[in-house]
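Novice: Sharing a structure, written as structure tokens. Questions coming.
Numbering (our numbering), first residue to last: 481 to 885.
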């Protein structure tokens, strides 16, 4: 090859390389701009959620330990009323999950796909967006417990169990303040006579204890210097400033009225696993979450609305077991059912009898079952009614909703 041709070829190659480098630089700049725009958008969403006091704030709390999910809760908080609700997402909640492309437990998604995909599937489950998440790791949760001065739980009887590996579980009875080591023991405790419900209840006690400790130590979460120490004990999708604002706000929650609600459903064995399939193809859990959020917003104007309301359910139809089955439905929505009986006569239409004169709560109850037929009982201020509302089921009630006839 002649020298002139060689030089020409080298110049062409050099120009091609320069062009390639230029294209790479352009691509990197575009990627950088896209990342910056996404980060800015995310920050705007966070700021809007925290600054809009007229809407509830949904946060996902996950406890991870020993390579599995110990518990998951959706915490719904309304800044105006300082009230919150806890929706416990049971780990064995079954479904056909897109992220897994199979029927399985929901907590398997966290193990196989990570927190972001897990959060998305829970959003689909409850029918509500969850912009924020907080993940506790078991070992670091013990450190957090000590930083908060311990967490108080009720233990019905002394626990003194020796494991096969020689380790020992020892916990006192009564209302006790547990330190970090003891809270971890309480979370992982496995007694021979434990039912699945016992384990779930114990772990939910810890979540409520956390919010109690959060309120008791809210100065820690409202001071940036001390919060910077505490935040190292958990993970979140929020930047430091937004995370500080979130915890500053939710540390004010009225934890005394915080009662966990769990998914209800039917249990079936699939591929050797006992799965809980939510009632009504998952529509019930969506309604329960909506009901919980609505009650928090309503409670901003009435301090009595945050309590648990007591129902009496009467069956005004010839459908056997309708009142009993409806009691399960109402308990899943956070109501307390005192009794289920047969009505003294047949009812064409379902009726809600309001014994306490609280129209907002009566409407919330009616919205949950699509009942607009609400009547006021005569209120005697000198007597205490055993129930707040009487629900009389008519022939227009299909077991879930009142249908137009």
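No residue lacks a Cβ here, since even glycine has one placed at the ideal position from N, Cα and C.
Quick one: what does DSSP say residue 836 is sitting in, helix, strand or coil?
Specialist: If you number the chain shown from 1, residue 836 lands on position 356. If DSSP states are grouped into helix, strand and coil, residue 836 belongs with coil.
Novice: What distance in whole Å lies between the Cβ atoms of residue 837 and residue 856, which are believed to be in contact at a cut-off of 8 Å?
Specialist: Taking the chain shown and counting its residues from 1, one reaches residue 856 at position 376. Taking the chain shown and counting its residues from 1, one reaches residue 837 at position 357. Residue 856 to residue 837, Cβ: 7 Å. Contact.
Novice: Counting along the chain, where does the alpha helix (DSSP H) carrying residue 877 start and finish?
Specialist: Working through the chain shown from its first residue, we reach residue 877 at position 397. Counting along the chain, residue 877 falls outside any alpha helix (DSSP H), and DSSP gives it neither H nor E.
Novice: Please report the Cβ distance between residue 814 and residue 741, rounded to the nearest whole angstrom; I am assuming they are in contact, meaning their Cβ atoms lie under 8 Å.
Specialist: Residue 814 sits at position 334 when you count from the first residue of the chain shown. Residue 741 sits at position 261 when you count from the first residue of the chain shown. About 5 Å separates the two Cβ atoms, so the contact holds.
Novice: Is residue 557 helix, strand or coil when you go by DSSP?
Specialist: For the purposes of this step, residue 557 is taken as the residue at position 77 of the chain shown. Correct three-state label for residue 557: strand.
Novice: If we ignore side chains and look at the alpha-carbon of each, how far apart do residue 881 and residue 849 end up?
Specialist: Translated into the one-based positions of the chain shown, residue 881 becomes position 401. Translated into the one-based positions of the chain shown, residue 849 becomes position 369. Taking the straight line from one Cα to the other gives about 5 Å.
Novice: To the nearest angstrom, report how far apart residue 752 and residue 870 are at their CA atoms.
Specialist: Numbered from its first residue, the chain shown carries residue 752 at position 272. Numbered from its first residue, the chain shown carries residue 870 at position 390. Whole-angstrom Cα-Cα distance: 42 Å.
Novice: Please classify residue 585: is it buried, with 16 or more other beta-carbons within 10 angstroms of its beta-carbon, or exposed?
Specialist: Along the chain shown, read from residue 1 onward, the residue named residue 585 stands at position 105. Buried.
Novice: Quick check on the DSSP output: the beta strand (DSSP E) that includes residue 615 runs from which residue to which?
Specialist: Along the chain shown, read from residue 1 onward, the residue named residue 615 stands at position 135. Counting along the chain, the beta strand (DSSP E) containing residue 615 begins and ends at 612-617.
Novice: Less than 8 Å between the beta carbons of residue 796 and residue 826, yes or no?
Specialist: On the chain shown, position 316 is the one that residue 796 refers to. On the chain shown, position 346 is the one that residue 826 refers to. Against a cut-off of 8 Å, the Cβ pair of residue 826 and residue 796 comes out as a contact.
Novice: What does the alpha-carbon distance come out to for the pair residue 876 and residue 852?
Specialist: Counting from one through the chain shown, the residue named residue 876 turns up at place 396. Counting from one through the chain shown, the residue named residue 852 turns up at place 372. Residue 876 and residue 852: Cα-Cα distance of roughly 12 Å.
Novice: Taking only runs of the beta strand (DSSP E) that begin and end inside the segment 743-800, which ones reach a length of at least 3 residues, in chain order?
Specialist: Correct list: 745-750, 753-758 and 790-795.
Novice: Since residue 641 and residue 654 should fall inside the 8 Å C-beta cutoff, what is the C-beta to C-beta distance between them, to a whole number of angstroms?
Specialist: Here residue 641 is taken as the residue at index 161 of the chain shown, counted from 1. Here residue 654 is taken as the residue at index 174 of the chain shown, counted from 1. The pair is not a contact, with the Cβ atoms about 18 Å apart (cut-off 8 Å).
Novice: Counting along the chain, where does the alpha helix (DSSP H) carrying residue 577 start and finish?
Specialist: Taking the first residue of the chain shown as 1, we reach residue 577 at position 97. Note, residue 577: premise wrong, no alpha helix (DSSP H); beta strand (DSSP E) at 574-577.
Novice: Compare the C-alpha of residue 668 against each of 582, 549 and 821 and name the closest.
Specialist: The sequence position of residue 668 within the chain shown is 188, counting from 1. Nearest option by C-alpha distance: 549.
Novice: Helix, strand or coil for residue 734? Go by DSSP, reduced to three states.
Specialist: As a working mapping, residue 734 is identified with position 254 in the chain shown. If DSSP states are grouped into helix, strand and coil, residue 734 belongs with coil.
Novice: Once DSSP output is grouped into helix, strand and coil, what is the label at residue 445?
Specialist: This structure does not reach residue 445, given that the chain is present from 481 up to 885, and the question cannot be answered.
Novice: May I ask you to report which of helix, strand or coil DSSP gives residue 638?
Specialist: Working through the chain shown from its first residue, we reach residue 638 at position 158. In this structure, residue 638 counts as coil in the three-state DSSP scheme.
Novice: By the three-class DSSP mapping on this structure, what secondary structure does residue 883 have?
Specialist: One-based indexing of the chain shown puts residue 883 at position 403. Coil, per DSSP.
Novice: Secondary structure at residue 974, three-state DSSP: helix, strand or coil?
Specialist: Because the chain here runs from 481 to 885, residue 974 falls outside it and cannot be looked at.
Novice: Below 7 Å CB to CB, which residues in the same chain sit around residue 773 once its five sequence neighbours on both sides are set aside?
Specialist: If you number the chain shown from 1, residue 773 lands on position 293. The answer, listed in chain order, is 536 and 556.
Novice: Quick one: grab the DSSP three-state call for residue 503.
Specialist: Along the chain shown, one-based indexing puts residue 503 at 23. Residue 503 falls in the helix class under three-state DSSP.
Novice: Going by C-alpha to C-alpha distance, which of 867, 601 and 771 sits closest to residue 847?
Specialist: Counting from one through the chain shown, the residue named residue 847 turns up at place 367. Comparing Cα positions, the closest option is 771.
Novice: Using the three-state DSSP reduction, which class does residue 654 fall into: helix, strand or coil?
Specialist: Position 174 of the chain shown, counting from 1, holds the residue named residue 654. Here residue 654 sits in strand by DSSP.
Novice: When DSSP labels each residue in this structure, what does residue 831 get in the three-state scheme?
Specialist: Position 351 of the chain shown holds residue 831. The answer is strand: DSSP assigns residue 831 an E or B state.
Novice: Have a look at 693, 791 and 734 and flag the residue whose alpha-carbon is nearest the alpha-carbon of residue 562.
Specialist: Here residue 562 refers to the residue found at position 82 of the chain shown. The residue with the shortest Cα to Cα distance from residue 562 is 734.
Novice: List the endpoints of the continuous alpha helix (DSSP H) containing residue 713.
Specialist: For the purposes of this step, residue 713 is taken as the residue at position 233 of the chain shown. It is not in any alpha helix (DSSP H) - residue 713 carries neither H nor E in the DSSP assignment.
Novice: Cutting at 6 Å between CB atoms, please list the residues of its own chain near residue 693, excluding the five before and the five after it.
Specialist: Here the question's residue 693 lines up with position 213 in the chain shown. For residue 693, where only same-chain residues beyond five positions count, the Cβ hits under 6 Å are 628 and 631.
Novice: Using the beta-carbon count (16 or more within 10 Å), is residue 884 buried or exposed?
Specialist: In the chain shown, the residue the question calls residue 884 occupies position 404. That one is exposed.
Novice: Keeping to the same chain, check which residues put their C-beta closer than 6 Å to that of residue 486; ignore five residues upstream and five downstream.
Specialist: Translated into the one-based positions of the chain shown, residue 486 becomes position 6. In this predicted model, residue 486 has a pLDDT of only 47, less than 50, meaning its place in the structure is not dependable enough to derive any value.
Novice: So, do the segment 607-616 and the segment 711-730 have three or more beta carbon pairs nearer to each other than 8 Å?
Specialist: The segment 607-616, when compared against the segment 711-730, does touch it at the 8 Å Cβ threshold.
Novice: Starting from the Cα of residue 605, find the closest Cα among 766, 509 and 726 and give me that residue.
Specialist: If you number the chain shown from 1, residue 605 lands on position 125. Comparing Cα-Cα distances from residue 605 to each of 766, 509 and 726, the minimum goes to 766.
Novice: Mind checking residue 801: buried by the 16 CB within 10 Å criterion, or exposed?
Specialist: Here residue 801 refers to the residue found at position 321 of the chain shown. When all chains shown are included, residue 801 counts as exposed.
Novice: Given that a residue counts as buried once 16 or more other Cβ atoms are within 10 Å of its Cβ, and exposed if not, what is residue 524?
Specialist: The residue labelled residue 524 in the question sits at position 44 within the chain shown. For residue 524, the predicted model reports a pLDDT of 47, less than 50, meaning its position is unreliable; a value from the coordinates is still stated below. With fewer than 16 other Cβ atoms within 10 Å, it is exposed.
Novice: Can you tell me the Cβ-Cβ gap for residue 690 and residue 731, rounded? I've got them flagged as a contact below 8 Å.
Specialist: Counting from 1 along the chain shown, the entry for residue 690 is found at position 210. Counting from 1 along the chain shown, the entry for residue 731 is found at position 251. In fact, because the Cβ distance is near 11 Å, the residues do not count as touching under 8 Å.
Novice: Whole angstroms is fine: what's the gap from residue 759's alpha carbon to residue 685's?
Specialist: Residue 759 sits at position 279 when you count from the first residue of the chain shown. Residue 685 sits at position 205 when you count from the first residue of the chain shown. Between residue 759 and residue 685, the C-alpha separation is close to 25 Å.
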